[in-house]
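If you want my numbering, it's the 1-based position in the sequence shown plus 450. No residue lacks a Cβ here, since even glycine has one placed at the ideal position from N, Cα and C. Here is the structure we will look at, set down as structure tokens.
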Amino acid sequence: MRSLALTIIVLATLALTAQAFGATDENVKFVITEVAPTVVEPGYRGPLNVTVQNVGFGEGYRINAEIQTSASVPVNVLGETKKYLDFYGQPCSDPVICNVLNAGDTAVFSYDISVDDDAATGGYIIPLTITWKYGGLEKSTTLNFGIEVAGAPDLIISGLSTTPSVVYPDTEFTMPVTVENTGNDEAKSAELILTLPEGLTGKSTAQLGTIAKDGTATATFNLKAEEGISLGHHTLPAELRYRDPGGREYRKDVSLDLFIQDRGDVKLAIAGINTT
451 MRSLALTIIV LATLALTAQA FGATDENVKF VITEVAPTVV EPGYRGPLNV TVQNVGFGEG
511 YRINAEIQTS ASVPVNVLGE TKKYLDFYGQ PCSDPVICNV LNAGDTAVFS YDISVDDDAA
571 TGGYIIPLTI TWKYGGLEKS TTLNFGIEVA GAPDLIISGL STTPSVVYPD TEFTMPVTVE
631 NTGNDEAKSA ELILTLPEGL TGKSTAQLGT IAKDGTATAT FNLKAEEGIS LGHHTLPAEL
691 RYRDPGGREY RKDVSLDLFI QDRGDVKLAI AGINTT
């Protein structure tokens with residue numbers, strides 16, 4: 451699923467880039483040859499490097515590249531959105547000391563970016579406007595590149611109860627366990643697997659299916675505390691297994707708490723019967 455989404459992004463980017471090419475002349479023509487990273491997670495903070503190549507047959511100078519931000523895209527540029535191609539990191543005033551981009555040359559523009567913590571997963575198109583001079587004239591074009599926001603599910607145990615609420619030896623009981631997805635993508639094929647201690651019997655695996663982001667599901671176990679089970683607190687080792695939409699598998703060790711109560715001494719009082 452994720453590879454399909456990324457393929458769609460690439461195709462859309464190529465189509466948009468081809469449109470941008472039509473706005474340039476053949477003397478200086480730019481293409482985006484590489485973007486790193488292409489996949490980020492919600493909450494990402496770090497560099498974004500965009501590699502640009504001059505595929506024309508002339509040289510461009512006084513080159514800058516500006517990322518066009520949008521409220522509809524959860525990717526933000528920290529600091530300057532416009533970066534310049536020269537020796538000193540400032541807009542150049544003298545072409546002699548500027549880094550010109552000859553035909554076939556490449557340049558890397560680096561930005562610091564952040565991704566919204568609550569960003570929806572999926573692919574986003576980001577415009578990059580490149581401005582340069584050639585033959586004394588200023589020219590510009592807008593290219594596009596894609597970034598995929600790929601989340602990850604994170605399942606936790608958020609609740610547990612028993613029916614009846616007090617469990618004694620030699621008792622059948624139901625144990626509903628609430629599983630919550632606190633990650634930023636859905637969890638698929640989720641299941642909870644218990645390791646039952648001696649004296650506790652029943653089905654130890656519950657299938658939970660798909661759990662949406664911020665969603666919950668309940669795993670219900672029908673168990674029996676045997677007569678000889680140890681009294682007191684029991685820690686039940688368990689494992690959560692699930693996949694993300696891209697097929698990556700996750701396994702997480704968790705534990706559940708169960709208390710076996712002593713019934714106490716049961717005393718029978720026999721009333722005396724008087725006859726006359």
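Item	Value
Under 8 angstroms: do the segment 592-603 and the segment 571-580 share three or more Cβ pairs, one atom per stretch?	yes
May I ask you to list the residues that DSSP assigns as paired with GLN503?	VAL481 and THR556
At a cut-off of 6 angstroms, is ARG701 close to the ligand COA when judged by its beta-carbon and the heavy atoms of the ligand?	For the ligand COA, the structure offers nothing, since it holds no ligand at all.
How long is the line joining the alpha carbons of GLY678 and LEU646, rounded to whole angstroms?	14 angstroms
Using alpha carbons as the reference points, say which of GLU598, THR501 and ALA656 lies closest to ILE643.	ALA656
For the beta strand (DSSP E) containing LEU650, name the first residue and the last one.	650-652
Using C-beta distances below 8 angstroms, list every residue in its chain close to GLN711, excluding the 5 sequence neighbours before and after it, in chain order.	VAL616, VAL617, TYR618 and LEU681
Using DSSP with H/G/I as helix, E/B as strand and the rest coil, what is ASN634?	coil
Rounded to a whole number of angstroms, what is the C-alpha to C-alpha distance between ASP567 and GLU509?	41 angstroms
Work out the CA separation of SER611 and ASP620 for me, nearest whole Å.	18 angstroms
From LYS702, GLU699, SER705 and ALA675, pick the residue whose C-alpha is nearest to that of ARG713; which is it?	ALA675
Beta-carbon of LEU593 versus every beta-carbon of chain B: anything under 7 angstroms?	In the structure shown, chain B cannot be found, because there is only a single protein chain.
Helix, strand or coil, according to DSSP, for GLN518 in the structure here?	coil
Assuming ILE661 contacts VAL629 (C-beta within less than 8 angstroms), just tell me the rounded distance between them.	7 angstroms
Within the continuous beta strand (DSSP E) that includes ILE597, where are the two ends?	587-599
Since I believe VAL481 is in contact with THR584 (beta carbons under 8 angstroms), could you give me their beta-carbon distance rounded to a whole number of angstroms?	Reading off the sequence, residue 584 comes out as Tyr, not Thr. Actually they are not in contact, since the Cβ atoms of TYR584 and VAL481 sit about 16 angstroms apart, beyond 8 angstroms.
On the criterion of 16 or more Cβ atoms from any shown chain inside 10 Å, does ASN499 qualify as buried, or is it exposed?	exposed
What does DSSP give as the partner residues of LYS663 in its beta bridges?	Answer is none; LYS663 lacks a bridge partner.
LEU658 and ALA669: beta carbons closer than 7 angstroms?	yes
Identify every residue that forms a DSSP beta bridge with GLN657.	GLU641
What is the DSSP secondary structure of ILE710, counted as helix, strand or coil?	strand
Just grab the DSSP bridge partners of GLU676 for me.	For GLU676, which the question treats as bridged, DSSP gives no partner whatsoever.
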